[in-house]
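Below: one structure, written as structure tokens.
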Amino acid sequence: MSKNLRLKSARAGKDMSQKEVAEAVGVTRQTINAIENGGYNPSIQLCRDICKVLGKTLDQIFGEDDNNE
């Protein structure tokens, strides 16, 4: 699964909207949308903040994509 889909899945698993995640980490909803769509490469600090909000590790969301895709 790609990191973009892992982020979207983790967010859905916490029943959070893009806006809720964005507000929790101090960015716009559009930024979260762009990350989920692969159009924005977030800073390591933003990745950490997102992971903390979603209760996941960096590897769980932003680690390397599976080789079989």
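If you want the working numbering, it's the 1-based position in the sequence shown plus 45.
For glycine and all other residues, C-beta sits at the position ideal for the given N, C-alpha and C.
Same chain only: Cβ atoms within 7 Å of residue i, ignoring 5 sequence neighbours per side
i, result
"residue 107", "48 and 92"
Delimiting residues of the alpha helix (DSSP H) encompassing residue i
i, result
"residue 65", "63–70"
"residue 78", "74–81"
Cβ-Cβ distance between residue i and residue j below 8 Å
i, j, result
"residue 39", "residue 85", "Examination of residue 39 is not possible in this model, given that the chain is present from 46 through 114 alone."
"residue 55", "residue 101", "yes"
"residue 81", "residue 59", "no"
Cβ neighbours of residue i in the same chain (closer than 8 Å, five flanking residues each side left out)
i, result
"residue 110", "46, 47 and 48"
DSSP three-state assignment for residue i, whether helix, strand or coil
i, result
"residue 104", "helix"
"residue 94", "helix"
"residue 99", "helix"
Own chain residues within Cβ distance below 6 Å of residue i, not counting five before or after
i, result
"residue 78", "63"
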